[in-house]
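Beneath this line is the structure, given in structure tokens, with notes to follow.
Numbering (this note's numbering), first residue to last: 1 to 280.
Here's what the structure looks like:
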């Protein structure tokens, strides 16, 4: 008799029955137990997907929130920087009595239309700053005078002054080595119904040479202005009215004979060195 081969998972009785009937042996445990095992695997996979899916969705939501807060913080920072850069000066008027005690305090109201006398004074200061020539030894003072003149010049007019002073015949640093020029404004009148002002002044030039002549000339010019209230402390100090010159033209209208020893003008005190100019 040939020995029988045992198959795992099958009982002896089952083998005998299968051998006796000639059928293929089948495991009896491949039914409900296998289904339960498959269900456990599916549930485990589902729980795993839910757990890590929630983590992924939460991570994405936090990323979106972080990006949004970063953008908001950037906008707020830029707004604060711009606000700090455009700081405004609010003037106050303080009234005191004879002994220095404060009696009243209030915010100074903005002057809508400056008094014409103040405008005339600022125009006169502009012309004095532009036309005055100091000795070459006072180069720092000359630079400060020119800087104060530029404080009244609008951007569209600054190009003319740059070209005007670029010429050695008009450069106060060059002229200061030969002469000094004193400017005396004699009249500033507004042209009716316009922003144009008529200015009259005299210029007295004195040679830096010992015993040099003195030359006096009369000038007339027209200045167009624009008013823009100042918003910074620096502008208030240099240009309190916010007066800006947009165009100016001037011309010499008269001259007196040179005074002093010798009537022949020295080099540097000639008509070619005192020219008319115009800002367009």
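Backbone N, C-alpha and C fix where the C-beta goes; we use that ideal spot for every residue, glycine too.
(message) Going by DSSP in three states, residue 189 sits in which element: helix, strand or coil?
(response) In this structure, residue 189 counts as strand in the three-state DSSP scheme.
(message) On the CB-based measure, 16 or more other CB atoms within 10 Å of its CB, does residue 105 come out buried or exposed?
(response) Here residue 105 is exposed, its C-beta having fewer than 16 other C-beta atoms within 10 Å.
(request) Determine the burial state of residue 137: buried for a count of at least 16 other Cβ atoms within 10 Å of its Cβ, exposed for fewer. (result) Label assigned to residue 137: exposed.
(request) Tell me whether residue 218 sits in a helix, a strand or coil according to DSSP, three-state version. (result) Annotated three-state conformation of residue 218 is strand, per DSSP.
(message) Would residue 161 and residue 133 be called neighbours here (beta carbons separated by less than 8 Å)?
(response) No.
(message) Which residues does DSSP list as the beta-bridge partners of residue 206?
(response) DSSP, once it has assigned bridges, lists 180 and 214 as partnering residue 206.
(request) Would you identify the three-state DSSP class for residue 132, choosing helix, strand or coil? (result) Coil at residue 132, not helix or strand.
(request) From the DSSP output, in three-state form, read off residue 104 for me. (result) In the three-state DSSP reduction, residue 104 falls in the strand class (E or B).
(request) Check whether the Cβ of residue 231 sits closer than 7 Å to any heavy atom of the ligand GTP, and report yes or no. (result) Looking for the ligand GTP in the displayed structure turns up nothing, as the structure carries no ligands at all.
(message) Can you look up residue 170 in the DSSP assignment and give me helix, strand or coil?
(response) Coil at residue 170, not helix or strand.
(request) Please report the Cβ distance between residue 214 and residue 224, rounded to the nearest whole angstrom; I am assuming they are in contact, meaning their Cβ atoms lie under 8 Å. (result) At roughly 33 Å, the Cβ-Cβ gap does not stay under 8 Å, so residue 214 and residue 224 are not in contact.
(request) May I ask you to report which of helix, strand or coil DSSP gives residue 93? (result) Three-state result, residue 93: strand.
(request) Compute the distance between the beta-carbons of residue 243 and residue 122, then report whether it is under 8 Å. (result) Yes.
(request) Quickly, what does DSSP pair residue 71 with across the bridge? List them, please. (result) Answer is none; residue 71 lacks a bridge partner.
(message) For residue 188, count the other beta carbons within 10 Å of its own beta carbon; 16 or more makes it buried, fewer makes it exposed. Which is it?
(response) Around the C-beta of residue 188, 16 or more other C-beta atoms lie within 10 Å, and the residue is accordingly described as buried.
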